[in-house]
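Just so you know, we're using the numbering used here here: the sequence shown kicks off at 196 and counts up by one. Note that beta-carbon positions come from the ideal geometry of N, C-alpha and C, so glycine has one too. Here the structure is laid out as structure tokens; the discussion comes afterwards.
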Amino acid sequence: MTDLTDLPALSASEAAARIRTGSLGSEELVRVCLDRITAREPVVHAWAWLDPDAALAAARACDAEAPRGPLHGVPLGLKDVIDTADMPTEFGSEAFAGHLPARDAACVAALRAAGAVIMGKLVTAEFATYRPGPTANPLNPDHTPGGSSSGSAAAVADFHVPLALGTQTAGSVIRPASFCGIHGFKPTFGRYSNDGVLATAHRLDTLGSFARTVEDLLLLDAVLGDAADVPTPTPVVGLYRSEAWEEASPAMQDALEETAARLRAAGYDVIDIAAAEPFAKLAEAQAIIHKREAWLCLGEIRRTHAAKVSQLFRDFIDEGERIGAEAYAGACAVQDAGKAEEAVLFGGADVLLTPGAPGIAPEGLSATGNPRFNRAWTALGTPCLGFPGGSEAGLPLGLQFVGRSGSDRALLRQGAAMLAALA
196 MTDLTDLPAL
206 SASEAAARIR
216 TGSLGSEELV
226 RVCLDRITAR
236 EPVVHAWAWL
246 DPDAALAAAR
256 ACDAEAPRGP
266 LHGVPLGLKD
276 VIDTADMPTE
286 FGSEAFAGHL
296 PARDAACVAA
306 LRAAGAVIMG
316 KLVTAEFATY
326 RPGPTANPLN
336 PDHTPGGSSS
346 GSAAAVADFH
356 VPLALGTQTA
366 GSVIRPASFC
376 GIHGFKPTFG
386 RYSNDGVLAT
396 AHRLDTLGSF
406 ARTVEDLLLL
416 DAVLGDAADV
426 PTPTPVVGLY
436 RSEAWEEASP
446 AMQDALEETA
456 ARLRAAGYDV
466 IDIAAAEPFA
476 KLAEAQAIIH
486 KREAWLCLGE
496 IRRTHAAKVS
506 QLFRDFIDEG
516 ERIGAEAYAG
526 ACAVQDAGKA
536 EEAVLFGGAD
546 VLLTPGAPGI
556 APEGLSATGN
566 PRFNRAWTAL
576 GTPCLGFPGG
586 SEAGLPLGLQ
596 FVGRSGSDRA
606 LLRQGAAMLA
616 ALA
């Protein structure tokens with residue numbers, strides 16, 4: 196007989212394996228997830244839309260057929276900027292209350308084809324920008340879960356679902372993962388299709404994922420990206436403090452140095468990597484590109500729904516409108532130069548170790564935290580694997596491994612091996 200008390204903590208990989216062998220039913224798992232959501236949602240507020248009856252019906256349909264993909268019967272959640280034909284996509288805004296897209300996003304179609312049970316939509320900051328939704332950090336509800344993929348990180352961290360999708364345009368996957376003490380994965384720019392995902396900045400927008408194990412991120416990457424694996428030799432690790440090092444809290448600085456020391460003790464070659472031009476300017480360039488392209492992508496919403504969007508959103512879009520064509524072109528040039536010189540930054544390293552956030556999740560729910568340690572990597576388009584690397588005051592400190600562009604599968608496998616060595 197299945198021990199129901201263990202099911203909320205089941206990884207997606209374990210759940211999929213048990214569903215395939217018939218030792219666990221999808222409906223059984225979804226019911227336990229719904230029970231967990233019922234118990235915790237009044238505190239966490241992770242869900243923007245949830246239909247328990249529809250989720251159970253989808254699970255029963257999975258149980259009635261032979262497994263048809265690697266995620267068969269596995270429940271997951273979607274950030275509420277990803278289109279679904281059978282449930283609303285409201286972008287975290289009352290201006291789009293009840294909005295029902297005509298079709299599924301490409302990633303949703305891939306998930307359904309892989310057999311996944313789409314549980315519902317998870318809270319996002321307004322239009323995936325900076326006005327937070329109601330979600331609280333499940334580890335301490337007085338603190339932010341990060342954003343803009345707040346509900347996605349919180350739902351996985353609080354055992355509502357084993358997997359969730361989010362997006363990152365500045366730091367909206369790695370930072371929430373850091374604050375909530377789970378794994379986040381931002382793939383190489385363009386690896387996952389953005390078709391049917393809210394566009395906020397076409398040079399930056401990246402679909403990403405949240406899980407409690409790296410194995411689950413690999414499972415999801417095989418569905419959304421490319422399942423082909425490449426050789427993954429033991430990496431040389433570059434300790435990259437970055438030009439923003441002084442903005443990291445003392446606890447974060449200690450966590451990074453300690454993790455590097457533990458990797459050395461485990462037999463890894465860890466070398467220092469210094470910040471170099473043009474990489475020191477990437478974060479500033481990202482901020483300019485983000486604002487300007489948000490105006491281009493979302494300016495019509497700001498104009499036509501002014502009474503139903505926040506002042507924070509209006510100000511953000513207006514700032515983008517004020518950025519001139521020359522400043523925008525200059526920022527794009529910095530981004531392009533960084534991508535062209537990526538090998539210079541990595542030097543002799545295969546993987547970089549760097550902070551995932553300035554420190555622990557800030558107190559309060561009025562802001563989602565500083566993306567300073569994420570902006571450059573989003574601009575560069577490199578894959579990033581966020582992971583818990585320490586703690587302070589009972590909250591996690593998140594670090595990240597950064598790989599070379601296109602090294603996604605290798606980074607995930609190398610990350611898993613390094614985390615196993617650290618454990």
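Legend entry - Between the CA atoms of His355 and Ile232 - distance to the nearest angstrom: 6 Å
Inset, instruction - Could you check the C-alpha separation between Gly576 and Ala297 for me, to the nearest Å? - result: 30 Å
Inset, instruction - Give the straight-line distance between the Cα atoms of Ala280 and Ile555, rounded to the nearest whole angstrom. - result: 37 Å
Legend entry - Straight-line gap, Phe380 to Val368 (C-alpha atoms, nearest Å): 7 Å
Inset, instruction - Apply the 10 Å Cβ neighbour rule to Glu260 and answer buried if 16 or more other Cβ atoms are within range, or exposed otherwise. - result: exposed
Legend entry - First through last residue of the beta strand (DSSP E) which encompasses Phe541: No beta strand (DSSP E) contains Phe541, which is instead part of the alpha helix (DSSP H) from 537 to 541.
Inset, instruction - Can you have a look at Thr383 and say buried or exposed, based on whether 16 or more other CB atoms are within 10 angstroms of its CB? - result: buried
Legend entry - C-alpha gap between Ala615 and Thr429, whole angstroms: Computed Cα separation, rounded: 13 Å.
Inset, instruction - Count the other CB atoms, across all protein chains shown, that sit within 10 Å of the CB of Ala250; report buried if there are 16 or more and exposed otherwise. - result: buried
Inset, instruction - State buried or exposed for Arg398, treating a residue as buried only when at least 16 other CB atoms are found within 10 Å of its CB. - result: It is buried - the Cβ of Arg398 has at least 16 other Cβ atoms within 10 Å.
Inset, instruction - Please report how far the alpha carbon of Ala461 lies from the alpha carbon of Gly593, in whole angstroms. - result: 20 Å
Inset, instruction - Could you tell me the boundaries of the alpha helix (DSSP H) in which Trp490 lies? - result: 477 to 499
Inset, instruction - Give the straight-line distance between the Cα atoms of Ser347 and Glu223, rounded to the nearest whole angstrom. - result: 22 Å
Inset, instruction - Could you tell me which uninterrupted beta strand (DSSP E) segments, each at least 3 residues in length, are contained entirely in the stretch 269 to 295, listed from first to last along the chain? - result: 270 to 274
Inset, instruction - Count the C-beta pairs between the stretch 473 to 493 and the stretch 522 to 530 that are closer than 8 Å, then say yes if the count reaches three, no if not. - result: Contact between the stretch 473 to 493 and the stretch 522 to 530 is present, because at least three Cβ pairs lie under 8 Å.
Inset, instruction - Assign Tyr523 to one of three DSSP states: helix, strand, or coil. - result: Taken through DSSP and simplified to helix, strand or coil, Tyr523 comes out as helix.
Inset, instruction - Work out the CA separation of Ala372 and Asp467 for me, nearest whole Å. - result: 25 Å
Legend entry - Boundaries (first-last residue) of the alpha helix (DSSP H) holding Glu558: Counting along the chain, Glu558 falls outside any alpha helix (DSSP H), and DSSP gives it neither H nor E.
Inset, instruction - Let me know the secondary structure DSSP gives Val225 once reduced to three states. - result: helix
Inset, instruction - Consult DSSP for Thr197 and reduce its assignment to one of helix, strand or coil. - result: Legend: pLDDT at Thr197 = 46, less than 50; position of this residue unreliable, value from coordinates given subsequently. Looking at Thr197 - three-state DSSP - the assignment turns out to be coil, as it is neither helix nor strand.
Inset, instruction - Leaving out five residues on either side along the sequence, give the residues of the same chain with a beta carbon under 8 Å from the beta carbon of Thr197. - result: At Thr197, the pLDDT of 46 sits below 50, so the modelled position is not reliable and the matter cannot be decided from this model.
Legend entry - Cutoff 8 Å; reference Ile518; Cβ partners in own chain excluding five residues on either side: Ile483, Lys486, Arg487, Trp490
Inset, instruction - My understanding is that Ala439 touches Arg567, with C-beta atoms under 8 Å, so please give their C-beta distance in whole angstroms. - result: 5 Å
Legend entry - CA nearest to the CA of Ile496, picked from Ala469, Tyr523, Glu514, Ser288: Ser288
Inset, instruction - Can you say whether Arg263 is buried or exposed, counting buried as having 16 or more other CB atoms within 10 angstroms of its CB? - result: exposed
Inset, instruction - Determine the direct distance from the alpha carbon of Asn569 to that of Phe508, and round the result to whole angstroms. - result: 21 Å
Legend entry - Residues that Gln595 bridges to, as DSSP identifies them: Thr549, Gly581
Legend entry - the stretch 603 to 610 / the stretch 418 to 428 touching (three or more Cβ pairs under 8 Å): yes
Inset, instruction - Assign Pro327 to one of two classes, buried (16 or more other C-beta atoms within 10 Å of its C-beta) or exposed (fewer than that). - result: Buried: at least 16 other Cβ atoms inside 10 Å.
Inset, instruction - Going by CA-CA distance only, name the one from Thr324, Leu590, Asp258, Ala305 that's closest to Asn335. - result: For Asn335, the nearest C-alpha among the options comes from Leu590.
Inset, instruction - Please state if the CB of Thr395 and the CB of Phe322 are separated by a distance shorter than 8 Å. - result: yes
Legend entry - Top-ranked residue by Cα proximity to Gly559, from Pro340, Leu273, Gly391: Pro340
Legend entry - Contact belief for Val597 with Thr549 at Cβ below 8 Å, rounded distance in angstroms: 6 Å
Legend entry - Cβ-based burial, Thr499 [other Cβ within 10 Å; buried from 16]: exposed
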